[in-house]
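Student: Provided herewith is a single structure, encoded as structure tokens, for subsequent inquiry.
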Amino acid sequence: MKTLILAGLAFLGASGAVLAASAVNKDSEPRMLIVTEGGSRSELTLAPGETVEFCSSGCFVTMPNGDRVALTGSEDVEISGGVGRVR
Amino acid sequence: MAEQREKIDALAKQVDGIEAKMDADTVDDVGLVEIRSQLEAIDKALLSNGVAFRPRLGEINSRITQLGPPPVEGQPPEPELVSNERRALTNEKAEINVVLGKAEDLSVRVNGLLNKISSLRRDLFTSMLTKRYQISEAFNGEVGTTVRSEWGRLYYAFSSWMRFVVQFKFRAVLLATFFALLAAAALQFGGRRIFGRLLTPDPGIEEPSYLSRLSVSFWSTLLPTLAMGVFLAGTLGLYTYFNVLRGDIGLLINGIFTIVFVAFFINRLSNAALAPKTPNWRLIPIQTRAARLLVWLLTATAAVVGLDSFMGVVSETLGSPLSITIVKSLLASLTVGILLLLIGLVRPLAGEDGRHRPWPAAIRYLLYVIGGITIVSALLGYVSLAQFVSKQVVVTGALLATAYIGFLSARAVAEEGTFAQTAVGRWLARRYNLDETSLDQLGLGASILIYVLVIIVFLPFILFQWGFQPGDLAGWLSKLATGFQVGTFSFAPFAIITGLIVFVVGYFITRWFQGWLDGSVMARGKVDAGVRNSIRTVVGYAGIALAALIGISAAGINLSSLALVAGGLSLGIGFGLQNVVSNFVSGLILLAERPFKAGDWVVAGAVSGTVKKISVRATEIETFQRQTVILPNSDLINAAVGNWTHRNKLGRVEIPIHVAYGSDAKRVHEILLEIARGHPLVLRNPEPFVWFSAFAESSLNFEVRLFLADINNGLSVQNDIRFAILEAFRKEGIEIPYPRRELNLKSAVPPSWPLDDEKAEAEHHERLRARAEAAAQPAPKRRRKPDPA
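This is the structure in structure tokens:
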């Protein structure tokens, strides 16, 4: 029983702890996000249908249509028609 | 909107101010750490300001979608109201974007400044350590006069202060000193009263245990040092309170007190650990003479380092010329280096032949190297480096030594049977009736606790010594709390620990609830033991599952990502743990359906015995030979299980009995029935029955069948009945037949004794006589062959 509990805990530990924002591209063409995190700007290209985890500790994001948003690092961003929606 | 913009502008101004301050190049290390924490707060504020726009942005976007795109050429024009609204919304969005862009740029700048601070701090430290002074210049003719004038100024400062005190504040000073002394004395003597046995080593004890030696050295260091600290801090605080300190005198007195405190602490510590007067209580087995010498050397080192830092304070307050600072630091470093070399040269260990041996090579060379570095770097002009090294050696060394004593006591507590001997162990054993094993386990726990405490207490001190600032530690702690990134994996130790604590708390609440439900509610409600057991078990598992789920979410682990992994692994688990899962489900069915319960007498295949415990995977059955059989639950579900005591304990026993042909069968029947009815444990209803079962080869067969209220009494009832039958049959003369065998032995029979005695006797004598004659006749001589020669 104890072994089972330990195994379960190890399993939980391995599976969990993914705490980051995610972005999914629902368009049929690649989209690009500009992410500013920790003082560095980087471009994040998303293939159609791709989901990416990014921004673990807060960042500023520029959406494909030029909208800017600030993320705390736990949101899901959905891009459709070049417009990003944060949930 | 405007409010947010103002906030961001204010933050930008703050950043500008900070940058200007950093560029001015006058900030020291402490200031840089402070600035860093300010910048981190600004970064966070920027982000939260940005996040505050999000709801409005979402509203604007959805409204624009509702309004639809503006009409293209050829389409009928839309109402002005709509186009106006769209324009307004687009404008607002553009404004928000501008403000957010500003925040973003500011955040980039802040992060740049943060990186700059790290490099600035590194540079400060390196330049401090590598700064080289021209010693020869410091030693020109001026030094003597400078020292004299410096001394004069110091003397003047103190004497003028003393005059001031005596004239205006005499009573206040006396009062302050008295109260500080009183507090220290209360601590010292009160502590001595409480921990008296722990404080003074008893020289009468031949071989004190390691733990008691450790505790004596620990308490005899801690209590006087604490008392001294209280006295010094109290004096200083009260002087400040009474306005006794004027100008720079406060700093100077603070410096003096620091030296006194450090030297006192080192002295107490070395005295406690080396115990020059009580050899039995020494922590390290060294010679008495060496111990006395080492205490002196260590105290002297501490005093020199303290004096050096005090002189630093003096030259700072009096604004002394650089040359004098260099000279005193040089002298102090040289002294410390020489003292370290002397410590290394002491021969503290007893050799086998009675001669004194030096330290182990590693310690000795370490001391030589550190002492050498101090001396050489001081002579070469790297006075700051030498000062840094000698200060670190004393303070870090003392801290490490104390921490090491803590580690040693943790190790000593963990040893088998030691914890039971301590005062706490004895108290626990008395209070909670603990046995040796659990005390040992507690000892292990206590030792781990001591390890953790030692690390928590001493690590920050040592880090402070090595140039880290409290702000650094706070930064690390917040990193630990919020998690840090390793690749794409973000790791939050505090959250995981929180989750574990929540799980443990949940587990204990479950256990308590289980106990309460079982002991108070169900026992009072006269619930059947089996049902109680089932409910208890199910509640236990459900509670643990619940606690695990709450713990996981408290650890910040997303349950949906968990489900994903579980889905992926379920096929593998299905194959690999097929049996375990099937047993688990069977266990749940057993608990719900309850074909048997704990305490039942069951027969499962070849196993017959009492059910002891139904777990989720297997069931424990104890046979009547007291062998415990662990039966997987799926076996109990898939095969037939006989239960003697399922609904009730009623059961039938049979006693077959045979009587000989010729007995009165009616009478036998009567007797058997009478005996069966006569037994107190045999039920009247269903009534006992005697079955005339067969005319066998050599007997008339009967069988007594009787029902018992409790089948567990079967054996003793059978015994009673059988004894009674035997007795009754004997009295009535009824025979119990048993198989008889006749043996016919066939073999060559020797001639039996003849009937005519006289004739035989005569013949016998005749035979004897003939034999005697034959014996008397000499044997015929064998003729020898003539010798051929």
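Chains as they are written, first to last, in UniProt numbering: chain A, 1 to 87; chain B, 1 to 789. From the three backbone atoms N, C-alpha and C, an ideal C-beta is built for every residue, glycine too. Given the structure is predicted, the values throughout are model-derived calculations rather than measurements.
If contact is defined by three or more beta carbon pairs under 8 Å, each pair taking one atom from either stretch, is the stretch 637-651 of chain B in contact with the stretch 665-673 of chain B?
Tutor: The stretch 665-673 of chain B vs the stretch 637-651 of chain B: no contact.
Student: Can you tell me where the alpha helix (DSSP H) with I117 (chain B) in it begins and where it stops?
Tutor: Here the alpha helix (DSSP H) through I117 (chain B) covers E80 to T130.
Student: Sorted by chain position, which residues of the same chain lie with C-beta nearer than 8 Å to A660 (chain B)'s C-beta, five sequence neighbours on each side aside?
Tutor: Only S698, S699, L700, I734, E735, I736 and P737 meet the Cβ criterion.
Student: Can you find the residues in the same chain that come closer than 7 Å, C-beta to C-beta, to L591 (chain B), ignoring five residues on each side of it along the sequence?
Tutor: Closer than 7 Å at the Cβ level, and outside the excluded window around L591 (chain B), lie S534, T537, V538 and I614.
Student: Check whether chain B comes within 8 Å of A70 (chain A), counting only Cβ atoms and requiring the distance to be less than that.
Tutor: Yes, because at least one Cβ of chain B sits closer than 8 Å to the Cβ of A70 (chain A).
Student: Under three-state DSSP, which class holds F11 (chain A)?
Tutor: Because F11 (chain A) sits at a pLDDT of 48, beneath the cut-off of 50, its placement in the model cannot be relied upon, and the point is left open.
Student: Enumerated in chain order, which unbroken segments of the alpha helix (DSSP H) with a length of 4 residues or greater are wholly contained in the stretch 429-461 of chain B?
Tutor: Runs found: none.
Student: Taking 8 Å as the cut-off, decide whether the C-beta atoms of L238 (chain B) and F170 (chain B) are in contact.
Tutor: No, the Cβ-Cβ distance between L238 (chain B) and F170 (chain B) is not below 8 Å.
Student: Determine the direct distance from the alpha carbon of I370 (chain B) to that of G344 (chain B), and round the result to whole angstroms.
Tutor: Those two C-alpha atoms are separated by around 10 Å.
Student: Using a Cβ-Cβ cutoff of 8 Å, what residues of the stretch 29-43 of chain A are near chain B? List them in chain order.
Tutor: Answer set for the stretch 29-43 of chain A: T36, G38, G39, S40 and R41.
Student: Is N280 (chain B) helix, strand or coil when you go by DSSP?
Tutor: Note: N280 (chain B) maps to helix in three-state DSSP.
Student: Please list the partners that G58 (chain A) has in chain B, where partner means a Cβ-to-Cβ separation under 7 Å.
Tutor: Ordered by position in chain B, the residues that pass the 7 Å Cβ test against G58 (chain A) are L47.
Student: Is there at least one Cβ from chain B nearer than 8 Å to G66 (chain A)'s Cβ?
Tutor: Yes, because at least one Cβ of chain B sits closer than 8 Å to the Cβ of G66 (chain A).
Student: Taking 8 Å as the threshold (beta carbon to beta carbon), is S112 (chain B) in contact with chain A?
Tutor: What sits at residue 112 (chain B) in the sequence shown is Gly, not Ser. By this cut-off, G112 (chain B) is an interface position.
Student: Rounded to whole angstroms, what is the Cα-Cα separation between residue 102 (chain A) and N633 (chain B)?
Tutor: An answer regarding residue 102 (chain A) cannot be provided, because it is not within the stretch 1 to 87 covered by chain A.
Student: Threshold first: 3 residues or longer. Then list the beta strand (DSSP E) segments lying entirely within the stretch 632-671 of chain B, N to C.
Tutor: Within the stretch 632-671 of chain B, the complete beta strand (DSSP E) runs of at least 3 residues are 641-643 and 651-659.
Student: Please identify, using Cβ separations under 8 Å, the residues of the stretch 87-100 of chain B that lie next to chain A, in order along the chain.
Tutor: If the cut-off is 8 Å between Cβ atoms, the stretch 87-100 of chain B has K93, I96, N97 and L100 near chain A.
Student: Reducing DSSP to helix, strand and coil, say where residue 91 (chain A) ends up.
Tutor: No answer is possible for residue 91 (chain A): it lies beyond the span of chain A, which begins at 1 and ends at 87.
Student: Note down, in chain order, each residue of its chain lying with its Cβ closer than 6 Å to the Cβ of A386 (chain B), except the 5 sequence neighbours on either side.
Tutor: Cβ within range, chain order: S333, T374, S377 and A378.
Student: Classify D353 (chain B): buried if its beta carbon has 16 or more other beta carbons within 10 angstroms, exposed otherwise.
Tutor: Answer is exposed; the Cβ neighbour count stays below 16.
Student: Quick check: the Cα distance between N719 (chain B) and E415 (chain B), rounded to an integer number of angstroms?
Tutor: If you take the alpha carbons of N719 (chain B) and E415 (chain B), they lie about 57 Å apart.
Student: Might you give, ordered along the chain, the residues of its own chain that have their beta carbon closer than 7 Å to the beta carbon of G381 (chain B), omitting 5 neighbours on each side?
Tutor: Within the same chain, G381 (chain B) has close Cβ partners R132, Y133, Q134 and I135.
Student: Are the C-beta of V77 (chain A) and some C-beta of chain B separated by less than 8 Å?
Tutor: By this cut-off, V77 (chain A) is not an interface position.
Student: So, using beta-carbon positions, are V35 (chain A) and F54 (chain A) closer together than 8 Å?
Tutor: Yes, the Cβ-Cβ distance between V35 (chain A) and F54 (chain A) is below 8 Å.
Student: In three-state terms, what does DSSP make of T258 (chain B)?
Tutor: T258 (chain B) falls in the helix class under three-state DSSP.
Student: Please list the terminal residues of the continuous alpha helix (DSSP H) segment that includes L328 (chain B).
Tutor: The residue asked about is misnamed: residue 328 (chain B) is Lys in this sequence, not Leu. Here the alpha helix (DSSP H) through K328 (chain B) covers L322 to L345.
Student: Leaving out the 5 sequence neighbours to the left and right, which residues in its chain are closer than 8 Å to A12 (chain B) when beta-carbon positions are compared?
Tutor: These residues qualify, in order along the chain: K102 and L106.
Student: At least one CB of chain B closer than 8 Å to the CB of V52 (chain A): is that the case?
Tutor: It does not: the Cβ of V52 (chain A) has no partner Cβ on chain B nearer than 8 Å.
Student: Is it a yes or a no for the stretch 613-627 of chain B touching the stretch 649-656 of chain B, going by three-plus beta-carbon pairs under 8 Å?
Tutor: No, because fewer than three Cβ pairs between the stretch 613-627 of chain B and the stretch 649-656 of chain B fall closer than 8 Å, the two stretches do not touch.
Student: Which residue comes first and which comes last in the beta strand (DSSP E) that contains F624 (chain B)?
Tutor: No beta strand (DSSP E) contains F624 (chain B), which DSSP labels as neither H nor E.
Student: Just how far apart, CA to CA, sit G319 (chain B) and M311 (chain B)?
Tutor: Computed Cα separation, rounded: 11 Å.
Student: Quick one: which residues of the stretch 562-583 of chain B get their C-beta closer than 7 Å to a C-beta of chain A? List them in chain order.
Tutor: Listed in sequence order: L562 and V565.
Student: Where do the N-terminal and C-terminal ends of the alpha helix (DSSP H) with K612 (chain B) fall, by residue?
Tutor: Careful: K612 (chain B) lies outside any alpha helix (DSSP H), inside the beta strand (DSSP E) at V607 to I614.
Student: Taking CB distances under 8 Å as the criterion, tell me whether S478 (chain B) reaches chain A.
Tutor: No, because no Cβ of chain A sits closer than 8 Å to the Cβ of S478 (chain B).
Student: Where does W219 (chain B) land, buried or exposed, given buried means 16+ other C-beta within 10 angstroms?
Tutor: Buried.
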